[in-house]
Structures are given as structure tokens and as C-alpha cells.
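K.L.:
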Amino acid sequence: MNLIHSETDNPDSLNQLNIDPRIKIISMTAFILVIGLTPTTAYFKFLLYFCAITAFFVWSKIHIKKLISRLFFLIPLLAFLGISVFVFGNQSTSEKINILWNLSVKSILIFLCIAFLILSTRFFHLIKGFELLKTPSVVISVLTFAYRYIFLFSDEAQRMKRANKSRTFKKQKLIKEIKTLVSMVSHLFLRAFERTENIYAAMLSRGFDRKIETLTLFEIHKKDWFFFSVFLIYLIAVGVVL
Amino acid sequence: MKKAAVKVTGLNFSYPDKTKALENINFSLGEGESLGIIGPNGAGKSTLLLHLNGVLKQDGSVQIFGESIKKQNIKTIRKKVGVVFQDPNDQLFMPTVFDDVAFGPLNLGMDGDQIEKNVKNILIEMGLPGYEEKNPSHLSLGERKKVSLVTVLVLKPQILVLDEPTANLDPGSKKSFINTLKNIQKTKIIASHDMDSIFYLCGRIILMNKGKIVAQGKATHILRDKNLLEANNLELPSHLRS
């Protein structure tokens, strides 16, 4: 299961909600803040937030299966929260339920906001969006390289795993398996190190001078401002006025 | 006599572990000529190529159009000498084809609109229209090799340096890639142990082994010398074998 979408999934579906990534990032950040600050007992507000996020998913035509597969990531977190609150908490049962409700509803809504951001935007558009919002260049470089090479290293790891399997004739003891795994990981690191040397040489060859520069082709249009204004009014109306 | 595009005199290089990679390398290449560098694995071909645009620090002299490579002129030299690396995964490190092709021009301080236009034009010219937003990881090896070449051609280098350009390509992709290279009218230096492509692309040959030049001369002479090639772990081009 992959939290970050692969662009081979269905690139067209990623462009249904054609809003500038900067606007999406700012809107979702504001939404997350408002959700976080909403009092626990404001059930109607939570319902309206849920309606808003559902509308975004419908508007973006995000496949429900994709969303559900991402929601599985929440199960361990919710289970952990439940255990922590009920086993280690000193409060009364009703208070415990209240705390669990607060944590669960907020984490689900926040997770949905993040899932919407990721599933409705190409990953490199998101990176560009963060870059234009003045995120430190080190963070952008790390994200860029991670996105570019994550598939490659996963392929290399798969190849090493297959090579290991093809030479393993009987079930190994756990200690032996751990040893093999450690050796594979260290080889993967060595390969990664070797690759960084080569990439750096290739970057130098094309005039690299310690700063990665990219060309931005995004423009904020009227429809982006319209989306942002409407959403902001909605958030103020629901989060503050209601 | 044509103007010397590259002149290498007394070039030596050792790796940090004191392994001698290049020993007293001397050759020159006229403008518009194509030079093939052949030799077995570990002959020093790739190391030699990295000296031609100053990625590796030299002990000896490397002149590009009469200009010695120095810290002060490194940007100008790298603009003149474009290096295409053997593994396209080292050459293509950005999240999209567009960013990769635009990387060099941006570092050289070209204007944004001009870069956008140049990138689009060169992709069309090389038969890769609509590839701008693709992630290089999702391309076939043949496509990645072509994009690697484009990332260098967009800089309009006067000298094109290619390291094993046909390695791991299937026969169809290899043929297409060789034809693309043949049609590029520039000074070319190609390191390879694919004798067929070298025979087709290069007029002059340097044969290297263990960091030294063993022989140099016309391709028609060296590539027909069975004893010389076999003594250096190479073989005749396929059409000369029978």
C-alpha cells in the first residue's frame, strides 16, 4: 500500500480539481487548523466539516477505493489512541469517551484533508507549491530526490530480495534472516552512496552551483482566488460564527 | 588541419586509494570529428571522460578549444562540453522530464520563458513531445537514454561526450539511438565497448587498457585488427567477424 500515489494510477483523475497547488495547500492548512481548534462537543460543526471534505472528494472524482485503502493507515493510530485513553487514563468513562471522540474525529478529518491534498494533486505539483510558498530549499531538495529515487531503490531492494530467495533452499532461522536483511540494507546504502557520487557528477556537468533551481509554470487564476475566498468564508462561517 | 576542439597532454589520475586510473594520456581531436574510446572494463574510459569538463581534478593538461580548464572558466567549459552519463538514472535526477531538461539552462542563468520554449522545442525535435510532466522513473530505458541526451543537447554544447550510449538497449532502441547520434552534427567523443556502434559513429579510435592508451588511429584500421582487439578483451565489429 502506498500513501503517495503513483503517477501511473490515473493521472487524469489528478487534474479534475484544477486548483493551483499553493491555494490547495493554504486552504487545507487553514482547514486543519480550524478542525484542531473546534471544541469537542461541536458535533454539528464536525458534520459540516465532513460534508465539505466529502464535497471536495466528489468534485475531484477521487476513486472511493483509493480513499479507503489510504484510510487503513488510520486503524493502528486509532487503536493506539483507544488503548492509551482506556488503559492508561485516570478519567471517568464518560470523560474517556469524550477524549477518544475528540481525538478520533479530528484525526480522521485531518487525515481526510491530507489525503485529499495528495490524491487530487500530482506529487511534483505539490512540491512546486511548497517551494513557491518559501519552504526551505533543503526540504524541497530532499522531497524531490526522495520522489525521484524512491521507485528506483524499491526496485533495487526487490532485486536483492529475489536474488536472496533464489539462493535460499530451506527456511532460515530468524537470526540468519535478520543477518541477511542487515547485509541487504547495508548493500542498499552502499549503492545509494555510489549513486549520489554519480548524480553529483552529472549535476556538476550541467552547471550545478549548490542550489537546485526549477522553473515554475504555475499561475494563480481568478478561479483559484474564487475557490479560496468561498472556502475561507465557509470556514469562518462554520468555525467562528456558528 | 582542423582547429583542435580537445587537446589532452600528459594526463594522469589516481583514485584516493592510490589506484592509477589514467597514465600519461595524450591525444587531440579536431572540431567536427568523432572519436571512439574503446577498451575493456576498468580501462579508464569513464574516468577520462570526467576530465573533459572538469568534474575530476586533473594532473596534466586538458584544453577545450585552446582554453585550459580552470576554476574560473569551469562554467564556460561545461557549457561547451556536454557529458551524457552511462546510467540515465544518474543523469535524470529531477521529478519530471521538464525539470531535468531545464536544469542545465537554469543553472547557466537563461531566461525562464526562453527555457520553457527551448525545452518544448527540443523534446519535439527528439521525438519526445508531451513528455514534459512524466517522471523519468516511469520511462523505458530507451526513452530515458534519449531524455538524458536531450538534457545535454538543450545546452547546445560544441562537444558531445557520451559514456556507453548503447549499453543495455534492445536492438531496436540501439539502432534508433545510434541513428539519432549519427544525425547530430557536433564534435563527439564516445566511450564504449560496443564495436558496432563505434564503427558506425566514429572516424578515429583510441584503444585504452589499464589506464593507458594502447593504440590510436583510424577506426577502419583499429577495428579490423583482430589480434589487437582480442589482446585487449575486445572483438571485431559483428559484420567483420565472418
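Order-wise, the sequence lines are chains A and B.
Residues 1 to 242, numbered by my numbering, are exactly what the first sequence covers, in order.
Residues 243 to 484, numbered by my numbering, are exactly what the second sequence covers, in order.
The beta-carbon is built from N, C-alpha and C at its ideal position, and this holds for glycine as well.
(1) Taking the runs of the beta strand (DSSP E) that are 3 residues or longer, which of them lie wholly in the segment 284-354 of chain B?
(2) Buried or exposed, going by whether 16 or more other CB atoms sit within 10 Å of the CB of A:ARG159?
(3) Do the segment 460-479 of chain B and the segment 301-321 of chain B touch if we need at least three Cβ pairs shorter than 8 Å?
(4) Could you tell me which chain B residues have their CB closer than 7 Å to the CB of A:GLY129, listed as they occur along the chain?
(5) With respect to the beta strand (DSSP E) encompassing B:LEU277, which residues constitute its N-terminal and C-terminal limits?
(6) Assign B:LYS262 to one of two classes, buried (16 or more other C-beta atoms within 10 Å of its C-beta) or exposed (fewer than that).
(7) Considering only their Cβ atoms, is the gap separating B:THR408 from B:LYS416 smaller than 8 Å?
(8) Would you call the segment 185-199 of chain A and the segment 276-289 of chain B in contact, with 3 or more CB pairs under 8 Å?
(9) Which one of A:LYS173, A:ILE62, A:ASN98 and A:LYS161 has the shortest CA to CA distance from A:ARG122?
(10) Note the first and the last residue of the continuous beta strand (DSSP E) segment covering B:THR251.
(11) If you draw a straight line from the alpha carbon of A:GLY239 to that of B:ILE357, how long is it in whole angstroms?
(12) List the endpoints of the continuous alpha helix (DSSP H) containing A:VAL230.
(13) Anything in chain B within Cβ reach of A:MET184, meaning under 9 Å, just list it in chain order.
(14) Grab the span of the alpha helix (DSSP H) containing A:ALA79 for me, first residue to last.
(15) Checking contacts by CB at 8 Å: is A:ARG22 closer than that to chain B?
(16) What residue does the alpha helix (DSSP H) around A:ILE25 start on, and which one ends it?
(17) With DSSP collapsed to three states, give me the class of A:GLU156.
(18) Chain B partners of A:SER205, CB-CB under 7 Å?
(19) Could you name the residues of the segment 427-457 of chain B whose beta carbon sits closer than 8 Å to any beta carbon of chain A, in the order they occur along the chain?
(20) For B:ALA473 and chain A, any beta-carbon pair shorter than 8 Å?
(21) Mark A:ARG162 as exposed unless 16 or more other C-beta atoms lie within 10 angstroms of its C-beta, in which case mark it buried.
(22) Go ahead and pull the three-state DSSP assignment for A:ASN164.
(23) What's the gap between the Cα of A:ILE108 and the Cα of A:LEU74?
(24) Identify, in the order they occur along the chain, each residue of the same chain with its Cβ nearer than 7 Å to the Cβ of B:VAL339, setting aside the five sequence neighbours on each side.
(25) Under a three-way DSSP split, which group does A:ILE206 fall into?
(26) Please state whether DSSP places B:MET450 in a helix, a strand or coil.
(27) Enumerate in chain order the residues of its own chain whose CB-to-CB distance from B:GLY453 is below 6 Å, with the five nearest sequence positions on each side excluded.
(28) Between the alpha carbons of B:GLN333 and A:LEU47, how many angstroms are there, rounded?
(29) Leaving out the 5 sequence neighbours to the left and right, which residues in its chain are closer than 8 Å to A:ILE25 when beta-carbon positions are compared?
(30) My parser needs the alpha helix (DSSP H) runs of 4 or more residues fully inside the segment 101-141 of chain A; what are they?
(31) Where do the ends of the beta strand (DSSP E) carrying B:LEU404 lie?
(32) According to DSSP, what are the bridge partners of B:GLN458?
(33) State the Cα-Cα distance for the pair B:HIS435 and B:LEU476, rounded to the nearest angstrom.
(34) In this structure, does DSSP put B:LEU271 in helix, strand or coil?
(35) Taking only three categories from DSSP, how would you classify A:ILE212?
P.N.:
Taking the coordinates as given:
(1) Counting whole runs of 3 or more residues, the segment 284-354 of chain B contains the beta strand (DSSP E) stretches 301-306 and 323-326.
(2) Counted from its first residue, the first sequence places residue 159 of chain A at position 159. So A:ARG159 ends up on the exposed side.
(3) By the Cβ criterion, the segment 460-479 of chain B is not in contact with the segment 301-321 of chain B, since fewer than three pairs of Cβ atoms, one from each stretch, lie closer than 8 Å.
(4) One-based indexing of the first sequence puts residue 129 of chain A at position 129. Residues of chain B whose Cβ lies closer than 7 Å to the Cβ of A:GLY129 do not exist, since the nearest Cβ in that chain is about 13 Å away.
(5) Counting from one through the second sequence, the residue named residue 277 of chain B turns up at place 35. Start and end: 276-280.
(6) In the second sequence, residue 262 of chain B corresponds to position 20, counting from 1. Exposed, since its Cβ has fewer than 16 Cβ neighbours within 10 Å.
(7) The sequence position of residue 416 of chain B within the second sequence is 174, counting from 1. The sequence position of residue 408 of chain B within the second sequence is 166, counting from 1. Cβ distance < 8 Å, so B:LYS416 and B:THR408 count as in contact.
(8) At 8 Å Cβ cutoff, the stretches do not touch.
(9) As a working note, residue 122 of chain A is residue 122 in the first sequence. For A:ARG122, the nearest C-alpha among the options comes from A:ILE62.
(10) For the purposes of this step, residue 251 of chain B is taken as the residue at position 9 of the second sequence. For B:THR251, the uninterrupted beta strand (DSSP E) run begins and ends at 246-256, by DSSP.
(11) The count along the first sequence starts at 1 and reaches residue 239 of chain A at position 239. The count along the second sequence starts at 1 and reaches residue 357 of chain B at position 115. Their Cα atoms are separated by approximately 45 Å.
(12) If you number the first sequence from 1, residue 230 of chain A lands on position 230. First-last of the alpha helix (DSSP H) with A:VAL230: 222-236.
(13) Translated into the one-based positions of the first sequence, residue 184 of chain A becomes position 184. Within chain B, no residue has its beta carbon less than 9 Å from that of A:MET184; the closest one is some 20 Å off.
(14) Counting from 1 along the first sequence, the entry for residue 79 of chain A is found at position 79. A:ALA79 -> alpha helix (DSSP H) spans 74-88.
(15) Counting from 1 along the first sequence, the entry for residue 22 of chain A is found at position 22. Judged by the 8 Å Cβ criterion, A:ARG22 is not in contact with chain B.
(16) By 1-based counting over the first sequence, the position of residue 25 of chain A is 25. Run containing A:ILE25: 21-37, per the alpha helix (DSSP H) assignment.
(17) By one-based count along the first sequence, residue 156 of chain A stands at place 156. Helix.
(18) Counted from its first residue, the first sequence places residue 205 of chain A at position 205. Within chain B, the residues near A:SER205 are ASN295, VAL297, ARG320 and VAL325.
(19) The segment 427-457 of chain B vs chain A, Cβ under 8 Å: nothing.
(20) The residue given as residue 473 of chain B occupies position 231 in the second sequence. No, B:ALA473 lies away from the interface with chain A (no Cβ there is under 8 Å from its Cβ).
(21) To locate residue 162 of chain A, count along the first sequence from 1; it is residue 162. A:ARG162 is exposed by the Cβ-count criterion.
(22) As a position in the first sequence, residue 164 of chain A is number 164, starting the count at 1. Correct three-state label for A:ASN164: helix.
(23) To locate residue 108 of chain A, count along the first sequence from 1; it is residue 108. To locate residue 74 of chain A, count along the first sequence from 1; it is residue 74. Cα to Cα, A:ILE108 sits roughly 7 Å from A:LEU74.
(24) Translated into positions along the second sequence, residue 339 of chain B becomes position 97. Correct list, in chain order: TYR373, GLU374, LYS376, PRO378 and VAL389.
(25) Locating residue 206 of chain A in the first sequence gives position 206, where the first residue counts as 1. The amino acid occupying residue 206 of chain A in the given sequence is Arg; Ile does not appear at that position. Three-state result, A:ARG206: coil.
(26) By 1-based counting over the second sequence, the position of residue 450 of chain B is 208. B:MET450 falls in the strand class under three-state DSSP.
(27) Sequence index remark: in the second sequence, residue 453 of chain B carries index 211 (1-based). The residues are LYS262, ALA263, LEU264, GLU265 and GLY286.
(28) As a first step, residue 333 of chain B is located in the second sequence; it is residue number 91 there, counting from the start. As a first step, residue 47 of chain A is located in the first sequence; it is residue number 47 there, counting from the start. Each residue's Cα considered, the two are about 50 Å apart.
(29) As a first step, residue 25 of chain A must be located in the first sequence, where it is residue number 25. Spatial neighbours of A:ILE25 in its own chain (CB-CB distance under 8 Å, excluding positions within 5 residues in sequence) are listed in chain order as LEU117, LEU126, GLY129, PHE130 and LEU133.
(30) As far as the segment 101-141 of chain A is concerned, its whole alpha helix (DSSP H) runs of at least 4 residues are 123-132.
(31) Indexing the second sequence from 1 puts residue 404 of chain B at position 162. Boundaries of the beta strand (DSSP E) harbouring B:LEU404: 401-405, taken from the DSSP string.
(32) For the purposes of this step, residue 458 of chain B is taken as residue 216 along the second sequence, with counting starting at 1. The partner list for B:GLN458 (beta bridge, DSSP) reads B:ILE448.
(33) Residue numbering aside, residue 435 of chain B sits at position 193 when the second sequence is read from its first letter. Residue numbering aside, residue 476 of chain B sits at position 234 when the second sequence is read from its first letter. Taking the straight line from one Cα to the other gives about 7 Å.
(34) The residue labelled residue 271 of chain B in the question sits at position 29 within the second sequence. In this structure, B:LEU271 counts as strand in the three-state DSSP scheme.
(35) By 1-based counting over the first sequence, the position of residue 212 of chain A is 212. Here A:ILE212 sits in coil by DSSP.
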